[in-house]
Amino acid sequence: MFENINEGLLDFLEKSPTAFHAVSNIRAVLHASGYTELSESQKWELRRGGRYFTVRNESSVIAFRIPQEDYTHFMIAAAHSDSPSFKIKANPEVKAGPYVKLNVEKYGGMLIAPWFDRPLSVAGRLIVRDENGGLTTRLVNVDRDLLMLPSLAIHMDREANSGHAFNVQNEVMPLFGDETSAGHFMEIVAQAAGVKKEAILGDDLFLYARGRGTVFGADHEYLSAGHLDDLQCVYAALQGFIASGDSTEKGCRTAQGTLPVLAVFDNEEVGSGTKQGADSTFLEDVLRRINEVLGGGTEQLLRAVSSSFMVSADNAHAIHPNYPSKADPVNRPVMNRGIVIKYNANQKYTTDAVSAALFKMFCRRADVPFQEFTNRSDMAGGSTLGNISNAHVSLNTVDVGLPQLAMHSPYEAAGVKDTAYLARVLLVIFRSGLSGGAPGSYRL
Numbered sequence: 014m015f016e017n018i019n020e021g022l023l024d025f026l027e028k029s030p031t032a033f034h035a036v037s038n039i040r041a042v043l044h045a046s047g048y049t050e051l052s053e054s055q056k057w058e059l060r061r062g063g064r065y066f067t068v069r070n071e072s073s074v075i076a077f078r079i080p081q082e083d084y085t086h087f088m089i090a091a092a093h094s095d096s097p098s099f100k101i102k103a104n105p106e107v108k109a110g111p112y113v114k115l116n117v118e119k120y121g122g123m124l125i126a127p128w129f130d131r132p133l134s135v136a137g138r139l140i141v142r143d144e145n146g147g148l149t150t151r152l153v154n155v156d157r158d159l160l161m162l163p164s165l166a167i168h169m170d171r172e173a174n175s176g177h178a179f180n181v182q183n184e185v186m187p188l189f190g191d192e193t194s195a196g197h198f199m200e201i202v203a204q205a206a207g208v209k210k211e212a213i214l215g216d217d218l219f220l221y222a223r224g225r226g227t228v229f230g231a232d233h234e235y236l237s238a239g240h241l242d243d244l245q246c247v248y249a250a251l252q253g254f255i256a257s258g259d260s261t262e263k264g265c266r267t268a269q270g271t272l273p274v275l276a277v278f279d280n281e282e283v284g285s286g287t288k289q290g291a292d293s294t295f296l297e298d299v300l301r302r303i304n305e306v307l308g309g310g311t312e313q314l315l316r317a318v319s320s321s322f323m324v325s326a327d328n329a330h331a332i333h334p335n336y337p338s339k340a341d342p343v344n345r346p347v348m349n350r351g352i353v354i355k356y357n358a359n360q361k362y363t364t365d366a367v368s369a370a371l372f373k374m375f376c377r378r379a380d381v382p383f384q385e386f387t388n389r390s391d392m393a394g395g396s397t398l399g400n401i402s403n404a405h406v407s408l409n410t411v412d413v414g415l416p417q418l419a420m421h422s423p424y425e426a427a428g429v430k431d432t433a434y435l436a437r438v439l440l441v442i443f444r445s446g447l448s449g450g451a452p453g454s455y456r457l
């Protein structure tokens, strides 16, 4: 079913330079697959067997399907739509002698050096005053090579190859044009969006590295592109979610009482503490609303959550060919060898014995390989969606990811097999049931 998933992934990545574009593309796929969009500000009417989704902030989306019978549990996959980048500051143009540069600030924890000496451009969203005096959102992508961050020549920095600590304010301002380009940046953005410059009242604009992703390696075993963290997991989860609702496939029936949910959150790279992040009430609001519209009470919702399962999918570190000592002595994921189950004693990853065991059972049911990851004990790792989301909707959750290299670079690398692995196991999970018996006992 997912044999050609990589070509679709590369298309999705190319069309998704920002979280806003990623959610717009997810919206299009959901519409094409028969899902009805619901507004959070409007009354919801849900029917049994219905397919729905809702968007918050144009950068987060939650989709779900209502079973024909009473629901008894949720099967959830979560991933995030944002990636580390540079955000364009207000009044961004900075004159510097014969040049005009753009003033930017870091969004998330990124590798800075790979942003230099490659074509860059700008994308994001605009808030525009319409003809009736209201405000509307316009996505914008200046789809051409517009900017560059030029490195300082080795002749002027003889110690450059010995390590360099970048001063973001002074050294990381992309070159926009010569002095004649002053005042033209927002004109170019407005033209790309098809609006008048004077109509733009707000913007969220980010740099992105130009160029379509590619497949490489001696046997075409790897792929490289921007935003693999975490749009690779987003795309795999979306494909698994859509396929799990395909009633034309043999043996496709979803388990009785299962209510599948796909959640894509923004702002994971900056801590998730926004109205559209995993630390918001977004997922909790949607689940409560579903339960209420379907006529359930608080007791039913709490019972359902206790019998539910979540896969928090955010990419993982593969062992590096040039830095193998940076990996744990035994838990050393490799690209193309399966989904990575992530553990952390301090619960930066929410995986525990129960959720790991459940996920392994699902992987075996889907005939999908899995690996395990822990950080070196003397090296702190990052956190992700699972433990943050669990503060609002508490359920058995496993943190997983697809193994990759160059995480948080504008151009990352991963394996060509792993996207399909995640899509396959999530298809199985979205169709599966889960019930709890005695404490610590579960049946799939």
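The numbering used here puts the sequence shown at residues 14 to 457. Note that the Cβ used here is the ideal one computed from N, Cα and C, for glycine as well. Here the structure is a predicted model, which is why all the values come from computation and not from measurement.
Contact defined as beta carbons within less than 8 Å: I believe residue i pairs with residue j. What is the distance between those atoms, to the nearest angstrom?
i    : j    : result
Y235 : A426 : 6 Å
L220 : V113 : At roughly 16 Å, the Cβ-Cβ gap does not stay under 8 Å, so L220 and V113 are not in contact.
S54  : V277 : Contact flag wrong, Cβ pair sits at about 20 Å.
H34  : L152 : 6 Å
R225 : L418 : Incorrect: roughly 19 Å between the Cβ atoms, too far for contact.
T271 : H86  : 6 Å
S402 : L251 : No, S402 and L251 are not in contact; Cβ-Cβ is about 18 Å, not under 8 Å.
M374 : L457 : 6 Å
R64  : Q81  : The pair is not a contact, with the Cβ atoms about 12 Å apart (cut-off 8 Å).
F386 : N344 : 5 Å
D298 : T363 : Between T363 and D298 the Cβ distance is about 21 Å, and since that is not below 8 Å, they are no contact.
N400 : K361 : 7 Å
D431 : M348 : 7 Å
R437 : V353 : In fact, because the Cβ distance is near 15 Å, the residues do not count as touching under 8 Å.
F198 : L115 : 7 Å
D143 : T150 : Between T150 and D143 the Cβ distance is about 10 Å, and since that is not below 8 Å, they are no contact.
Please name the residue, chosen from the options, that lies closest to residue i on a Cα-to-Cα basis.
i    : options                   : result
N357 : G395, R345 and G147       : G395
S407 : R316, E20 and P423        : R316
P416 : R266, A379, K373 and A340 : A340
D156 : A205, V117 and G196       : A205
G414 : H93, G215, W57 and Y120   : H93
Y120 : K56, R69, D217 and T85    : D217
F15  : L440, L457 and G453       : L440
N154 : R142, L133 and N145       : L133
L521 : Y48, S37, A109 and C376   : There is simply no residue 521 to check, as the chain begins at 14 and stops at 457 in what is shown.
I101 : V185, G176 and R131       : V185
T267 : I79, R389 and N19         : I79
I39  : E58, V135, A136 and T67   : T67
F25  : V135, D83, L244 and A379  : L244
G137 : S46, G453 and I213        : I213
G258 : F443, G428, I125 and N359 : F443
A331 : G146, K28 and G351        : G351
V202 : N183, F179, G239 and L139 : L139
A178 : Q360, E192, Y455 and I125 : I125
D83  : R223, G230, Q269 and T364 : Q269
L447 : S320, S368, D412 and E172 : S320
P346 : V181, G428 and F99        : G428
F77  : C376, L275 and T432       : L275
N359 : S445, R378, M392 and T311 : M392
G190 : G147, N183 and P111       : P111
P342 : P273, R389 and G21        : R389
In the DSSP output, which residue or residues are listed as bridge partners for residue i?
i    : result
I442 : For I442, which the question treats as bridged, DSSP gives no partner whatsoever.
M88  : P273 and F322
M161 : L188
E425 : A238
H330 : Q417
T150 : I140
Y65  : T49 and F77
H303 : Correcting the residue identity first, residue 303 is Ile in this sequence and not His. None; I303 has no bridge partner.
V107 : K114
D412 : S325
V135 : L220
A99  : First, the residue type needs correcting, since residue 99 is Phe and not Ala in the sequence shown. Per DSSP, K119.
Y434 : Answer is none; Y434 lacks a bridge partner.
| query | Are the stretch 306-313 and the stretch 419-434 in contact at 8 Å, needing three or more beta carbon pairs? | reply | With the cut-off at 8 Å, the stretch 306-313 and the stretch 419-434 do not touch.
| field | Every unbroken beta strand (DSSP E) inside the stretch 193-271 [3 residues or more] | value | 213-222, 227-229 and 235-238
| request: Count the CB pairs spanning the stretch 105-112 and the stretch 284-296 that are closer than 8 Å, and state whether there are at least three. | output: no
| query | Going along the chain, which unbroken runs of the alpha helix (DSSP H) with 4 or more residues stay wholly within the stretch 345-387? | reply | Listed in chain order, the alpha helix (DSSP H) runs fully inside the stretch 345-387 are 366-379, counting runs of at least 4 residues.
| task | Would you check if there are 3 or more beta carbon pairs closer than 8 Å linking the stretch 79-94 to the stretch 320-338? | result | yes
| Just checking, does the stretch 67-81 make contact with the stretch 31-45 on the three C-beta pairs under 8 Å criterion? | yes
| message | Check whether the stretch 51-65 and the stretch 279-288 are in contact - that is, three or more C-beta pairs closer than 8 Å. | response | no
| message | Could you check whether the stretch 157-177 touches the stretch 124-140, counting it as contact only if at least three pairs of C-beta atoms, one from each stretch, sit closer than 8 Å? | response | Short answer: they touch.
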